[in-house]
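**Q** According to mature numbering (1 follows the signal peptide of the UniProt record, and there is no 0), the sequence shown holds residues -26 to -1, 1 to 200 in order.
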Amino acid sequence: MHNNFKRFGFVFMVLAGLALSVPSMAEEKAKEAAPAKEATKEAAKSAPEDKTVKITEASPVEQAEFAVNLFMQACLANGGDKDRLRKWVKEVKLPEVKGEDAKPFLSNTPSGQGLAWSASGKQGRFVLVSEDNGACTIYSRKADEKKVHEMMKWMKDNLDKNKGEQKITYELRTENDKDQKLKRTLIAVRRPEMGNDIGMVATTSTTHPSLAAIISIFAIESGAKM
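#1: Cα separation between P166 and E31?
#2: Under a three-way DSSP split, which group does E139 fall into?
#3: Identify, in the order they occur along the chain, each residue of the same chain with its Cβ nearer than 8 Å to the Cβ of I142, setting aside the five sequence neighbours on each side.
#4: I'd like to check one pair, V122 with A176: are the Cβ atoms closer than 8 Å?
#5: Quick one: is K157 buried, meaning 16 or more other Cβ sit within 10 Å of its Cβ, or exposed?
#6: Residues in the same chain with beta-carbon distance under 7 Å from A7, minus the five sequence neighbours each way, listed in chain order, please.
#7: Assign A186 to one of three DSSP states: helix, strand, or coil.
#8: Taking the alpha-carbon positions, what's the M174 to T159 distance?
#9: Select from V71, H182, A109, N107 the residue whose C-alpha is nearest the C-alpha of S94.
Rendered as structure tokens:
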């Protein structure tokens, strides 16, 4: 199994803490607009009190939906082609996660090599990782466990409709990882004509069902067990 999911307990702690420091897209735009904000600060002092209801973070169910949709759009759609994925990231202008903020995510990959970006905003905290070996992973700081796995099953059912000669396997399993229980959806796309298969895994914590989720796609040896 892909290394990301053997160390979920470690990443769970990272997402619960360090991920808070990853800049969101909104924060990046705010930095760019800082000079203009400063120029209007004095005028703002005399403005009427702002009683607008502030936008709160999306619910765990909504964050689960966003995480799986982001996975399909960024990872699944680019099929393990890191160059195509990174070109897409540039087009949508996701801010890169660099230095110490990126280390916890990259050090959890088999090679430790790759790039990371923030896809965070009012919908929640998300990190997209593109490994140099083509693997692609979405880290979600919060996500409703049930919704994540429901959507992964929905995704698998849709893949079945257009699978052609490919065989698609699906499994939902529960495992123990030190002091917590994990739930995993495992999907394998068997494609003997290509010489290798594609594996997809979504991992959540049953012990903390509204917190972290990790969803990844990666190449596996033809016929290899998930």
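Yeah, the Cβ is synthetic: ideal placement off N, Cα and C, and Gly gets one too.
**A** Looking at the coordinates:
#1: Taking the first residue of the sequence shown as position 1, residue 166 is located at position 192. Taking the first residue of the sequence shown as position 1, residue 31 is located at position 57. Here the alpha carbons of E31 and P166 stand approximately 44 Å from one another.
#2: On the sequence shown, position 165 is the one that residue 139 refers to. Reduced to three states, the DSSP call for E139 is coil.
#3: Residue 142 sits at position 168 when you count from the first residue of the sequence shown. Cβ neighbours of I142 beyond the five flanking positions: K130, L133, D134, I161, A162, V163, R164.
#4: Residue 176 sits at position 202 when you count from the first residue of the sequence shown. Residue 122 sits at position 148 when you count from the first residue of the sequence shown. Cβ distance < 8 Å, so A176 and V122 count as in contact.
#5: Within the sequence shown, residue 157 is the residue found at index 183, counting from 1. When all chains shown are included, K157 counts as buried.
#6: Translated into positions along the sequence shown, residue 7 becomes position 33. Only weak support is given to the placement of A7: the predicted model assigns it a pLDDT of 44, under 50, and the value that follows is read from those uncertain coordinates. Spatial neighbours of A7 in its own chain (CB-CB distance under 7 Å, excluding positions within 5 residues in sequence) are not present.
#7: Taking the sequence shown and counting its residues from 1, the one referred to as residue 186 is at position 212. Here A186 carries a strand assignment [DSSP, helix/strand/coil].
#8: Here residue 174 refers to the residue found at position 200 when the sequence shown is read from its first residue. Here residue 159 refers to the residue found at position 185 when the sequence shown is read from its first residue. Each residue's Cα considered, the two are about 8 Å apart.
#9: Locating residue 94 in the sequence shown gives position 120, counting from the first residue. Minimum Cα distance to S94 is reached at V71.
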